[in-house]
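Quick notes on the structure that follows.
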Amino acid sequence: MDRIPILKMGDALLVTIQVDMHDRLATALEEDLTSKIVASHAKGVLIDISSLEIVDSFIGRMLDNIAAVARVLDAETVVVGMRPAVAITLVELGLSLSGVKTALNVERGIALIQRRLETPEAVDGVGED
Amino acid sequence: MTRHDAGAIAQLVADHEKEIAAEWFDLLKKAGALQTGRIKEAELQTQCGNFLHLLQHALGKVGTHVAHDAYQPVREMLGEVSRSRAVQGFSPSETATFVFSLKQPLFNTISRAKGVGTADLAQIMWSMTLLLDNLGLYTLEVFQKSREELISRQGREISELSTPVVKLWDGVLALPVIGTLDSQRTQVIMENLLQTIVDQGAEIAIIDITGVPTVDTLTAQHLLKTVAAARLMGADCIISGIRPQIAQTIVHLGVELNVLTKSTLADAFAIALRRIGRMVVPIKATSSDRQKPAD
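Protein sequence lines correspond, in order, to chains A and B. So in numbering that gives the first Met the number 0, spot 24 of the first sequence is number 23, and the numbers just go up one at a time. So in numbering that gives the first Met the number 0, spot 25 of the second sequence is number 24, and the numbers just go up one at a time.
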């Protein structure tokens with residue numbers, strides 16, 4: 000069975016989804032990622048979905064689940080590179096992925112995780128103004 | 000009315016076409032069709048002549064059966080006339096008068112004709128009235144339709160015009176929303192905003208609702224949808240331009256806007272600059288800095 004590769008970059012894990020996700024692939028990714036976070040003591044998970052063109056509610060929930068599991072294991076999840084059409088679809092489906100951090104591209108996503116690693120307590124910087 | 004009678008009327012109209020047209024034209028002129036200057040005298044005269052000619056043709060062929068195919072040219076011509084009037088800005092009654100005012104000269108001619116009994120005359124008048132009423136109503140229908148087309152086209156143009164996404168600074172976008180937010184416009188706005196976020200790599204988008212007249216629960220929901228979509232793309236949103244009355248309405252309606260809100264665009268911009276690590280300082284301070292020797 001196909002698996003999505005998970006790369007380790009410093010303290011973060013990088014997952015690049017480059018094929019159309021089907022449900023079994025998504026479940027496998029969730030499991031792999033969980034064990035990898037534990038094995039590598041990763042502090043951040045970066046999921047690049049810039050080449051994902053189709054999402055459904057299952058994939059949306061999977062992203063939410065991964066984030067929730069990662070948070071339990073003390074790692075921050077950042078979803079990067081979402082396409083406009085995908086974003087609109089998810090919002091219309093009622094999935095605003097409130098537990099997931101987002102960034103425009105991988106570069107900014109890494110910066111976000113880096114910032115979090117430098118100031119470990121000042122997380123959830125949404126409302127600081 | 001029998002086919003024969005219709006033929007007789009058609010013949011009558013054909014014989015007196017010039018007179019009827021002249022009388023009709025005078026009548027239209029008296030009613031003030033030319034006063035506004037929206038239509039030229041010659042144009043109106045041609046329209047009268049053409050219509051009468053086509054009507055007489057159709058009458059001769061099938062009598063007063065308006066639904067018949069023979070009346071197609073008449074209808075086409077009337078449609079053309081009323082479409083052009085809708086564009087020229089005529090009122091509906093002015094447009095309908097074009098057909099209805101034909102009755103008088105037509106009836107005059109028929110009653111002047113020899114060899115028509117009183118009973119026949121009443122019958123003829125009745126069927127001609129029906130015919131002209133029908134055509135008059137058709138004129139109104141076309142008029143209405145062309146106005147509606149005009150309005151919907153303008154609506155489309157407005158919605159395209161009024162959703163610009165403005166770049167305020169590197170990474171800071173502003174979206175001034177003007178007019179009511181319905182679901183269709185929200186879709187357009189959302190797509191515009193998200194595409195611009197990708198194109199410019201923006202981090203912060205300010206949605207300014209100064210130009211939104213009222214905010215109800217539906218509008219708020221649309222705003223929040225846009226904010227949620229922008230967040231999924233990795234951009235933060237600030238909503239600005241909330242007028243006092245709107246703030247009160249939002250609270251009274253119990254709507255939770257779970258986003259950063261500011262009362263003016265300037266406040267929102269200041270926050271946005273701080274988030275991207277910029278600062279606005281008075282020129283004086285910087286110039287005195289510059290005088291110090293650089294290290």
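Cβ atoms here follow ideal geometry from the backbone N, Cα and C, with glycine treated the same way.
Could you compute how far the alpha carbon of residue i sits from the alpha carbon of residue j?
i, j, result
"threonine 88 of chain A", "aspartate 10 of chain A", "32 Å"
"lysine 283 of chain B", "valine 165 of chain B", "29 Å"
"arginine 37 of chain B", "alanine 95 of chain B", "16 Å"
"leucine 136 of chain B", "glutamine 153 of chain B", "26 Å"
"lysine 28 of chain B", "phenylalanine 97 of chain B", "11 Å"
"proline 4 of chain A", "serine 182 of chain B", "40 Å"
"leucine 92 of chain A", "phenylalanine 89 of chain B", "48 Å"
"asparagine 49 of chain B", "threonine 195 of chain B", "55 Å"
"aspartate 169 of chain B", "lysine 39 of chain B", "57 Å"
"methionine 0 of chain B", "arginine 155 of chain B", "In this prediction, methionine 0 of chain B scores a pLDDT of 48, lower than 50, which makes its location untrustworthy; the coordinate-derived value is nonetheless stated afterwards. Their backbone Cα atoms lie some 49 Å apart in a straight line."
"alanine 112 of chain B", "leucine 11 of chain B", "8 Å"
"glutamate 255 of chain B", "alanine 219 of chain B", "9 Å"
"leucine 33 of chain B", "phenylalanine 24 of chain B", "10 Å"
"valine 187 of chain B", "leucine 193 of chain B", "10 Å"
"asparagine 257 of chain B", "glutamine 199 of chain B", "25 Å"
"glutamine 71 of chain B", "valine 115 of chain B", "29 Å"
"leucine 174 of chain B", "leucine 94 of chain A", "24 Å"
"aspartate 19 of chain A", "methionine 232 of chain B", "19 Å"
"proline 163 of chain B", "leucine 51 of chain A", "28 Å"
"lysine 60 of chain B", "alanine 69 of chain B", "7 Å"
"valine 122 of chain A", "serine 145 of chain B", "Below a pLDDT of 50, predicted positions are generally treated as unreliable, and valine 122 of chain A, at 48, falls in that range; the measurement from the model is reported next regardless. So the alpha carbons of these two residues sit roughly 60 Å apart."
Where does the unbroken alpha helix (DSSP H) through residue i begin, and where does it stop?
i, result
"lysine 29 of chain B", "16-29"
"glutamate 91 of chain A", "83-91"
"aspartate 266 of chain B", "264-274"
"valine 258 of chain B", "It is not in any alpha helix (DSSP H) - valine 258 of chain B carries neither H nor E in the DSSP assignment."
"threonine 94 of chain B", "91-99"
"glycine 210 of chain B", "Here glycine 210 of chain B belongs to no alpha helix (DSSP H); instead the beta strand (DSSP E) covers 203-210."
"methionine 189 of chain B", "182-199"
"valine 99 of chain A", "It is not in any alpha helix (DSSP H) - valine 99 of chain A carries neither H nor E in the DSSP assignment."
"threonine 108 of chain B", "102-111"
"glutamate 79 of chain B", "71-87"
"valine 105 of chain A", "105-117"
Along the chain, where does the beta strand (DSSP E) that runs through residue i open and close?
i, result
"glycine 43 of chain A", "43-47"
"leucine 12 of chain A", "11-15"
"alanine 173 of chain B", "171-177"
"alanine 234 of chain B", "Run containing alanine 234 of chain B: none; DSSP gives neither H nor E here."
"lysine 35 of chain A", "Unbroken run through lysine 35 of chain A is the alpha helix (DSSP H), 22-39; no beta strand (DSSP E)."
"threonine 213 of chain B", "Careful: threonine 213 of chain B lies outside any beta strand (DSSP E) and carries neither H nor E."
"lysine 166 of chain B", "165-168"
"valine 18 of chain A", "From DSSP, valine 18 of chain A is part of no beta strand (DSSP E); its letter is neither H nor E."
"leucine 6 of chain A", "5-8"
"glutamate 42 of chain B", "Per DSSP, glutamate 42 of chain B belongs to no beta strand (DSSP E); it is in the alpha helix (DSSP H), 40-61."
"valine 65 of chain B", "No beta strand (DSSP E) contains valine 65 of chain B, which DSSP labels as neither H nor E."
How would you list, in chain order, the residues of chain B whose beta-carbon sits under 8 Å from the beta-carbon of residue i?
i, result
"methionine 81 of chain A", "Leu231, Met232, Gly233"
Using 8 Å as the threshold, is the C-beta distance between residue i and residue j below it?
i, j, result
"leucine 58 of chain B", "alanine 5 of chain B", "yes"
"glutamate 202 of chain B", "isoleucine 275 of chain B", "yes"
"isoleucine 206 of chain B", "valine 176 of chain B", "yes"
"leucine 28 of chain A", "glycine 59 of chain A", "no"
"alanine 102 of chain A", "valine 77 of chain A", "yes"
"glutamine 55 of chain B", "alanine 20 of chain B", "no"
"isoleucine 245 of chain B", "valine 214 of chain B", "yes"
"serine 239 of chain B", "lysine 224 of chain B", "no"
"aspartate 63 of chain A", "glycine 98 of chain A", "yes"
"valine 211 of chain B", "threonine 185 of chain B", "no"
"leucine 252 of chain B", "threonine 216 of chain B", "yes"
"leucine 131 of chain B", "lysine 102 of chain B", "yes"
"valine 79 of chain A", "leucine 45 of chain A", "yes"
Applying the 10 Å Cβ sphere with the 16-neighbour rule, what's the burial state of residue i?
i, result
"glutamate 42 of chain B", "exposed"
"glycine 43 of chain A", "buried"
"glutamine 247 of chain B", "exposed"
"aspartate 128 of chain A", "Here aspartate 128 of chain A scores only 40 on pLDDT, less than 50, and its place in the model should not be relied on; the value that follows carries that caveat. Exposed, by the Cβ-count rule."
"histidine 15 of chain B", "buried"
"glutamine 46 of chain B", "buried"
"leucine 6 of chain A", "exposed"
"leucine 77 of chain B", "buried"
"valine 279 of chain B", "exposed"
"glutamate 93 of chain B", "buried"
"alanine 7 of chain B", "buried"
"isoleucine 53 of chain A", "exposed"
"lysine 17 of chain B", "exposed"
Give me the chain B residues within the contact set of residue i, using Cβ-Cβ distance strictly less than 7 Å, ordered along the chain.
i, result
"leucine 51 of chain A", "By Cβ distance, chain B contributes nothing, its closest Cβ being about 12 Å from leucine 51 of chain A, past 7 Å."
"threonine 101 of chain A", "Arg230, Leu231, Met232, Gly233"
What in chain A is Cβ-close to residue i, meaning under 9 Å?
i, result
"lysine 224 of chain B", "Ile87, Val90, Glu91, Ser95"
Taking C-beta pairs closer than 9 Å, name the residues in chain B that residue i reaches, listed in chain order.
i, result
"threonine 107 of chain A", "According to the sequence displayed, residue 107 of chain A carries arginine and not threonine. Gly200, Glu202, Gly233, listed in chain order."
In chain A, which residues lie less than 7 Å from residue i when you measure between Cβ atoms?
i, result
"glutamine 194 of chain B", "Pro83"
"alanine 227 of chain B", "Val90, Ser95"
"valine 197 of chain B", "Pro83"
Can you list the residues of chain A that residue i reaches, using a CB-CB cut of under 8 Å?
i, result
"glutamate 147 of chain B", "Simply none; closest approach about 30 Å."
Are the C-beta atoms of residue i and some chain E residue less than 8 Å apart?
i, result
"methionine 189 of chain B", "Protein chains in the displayed structure are A and B, and chain E is not among them."
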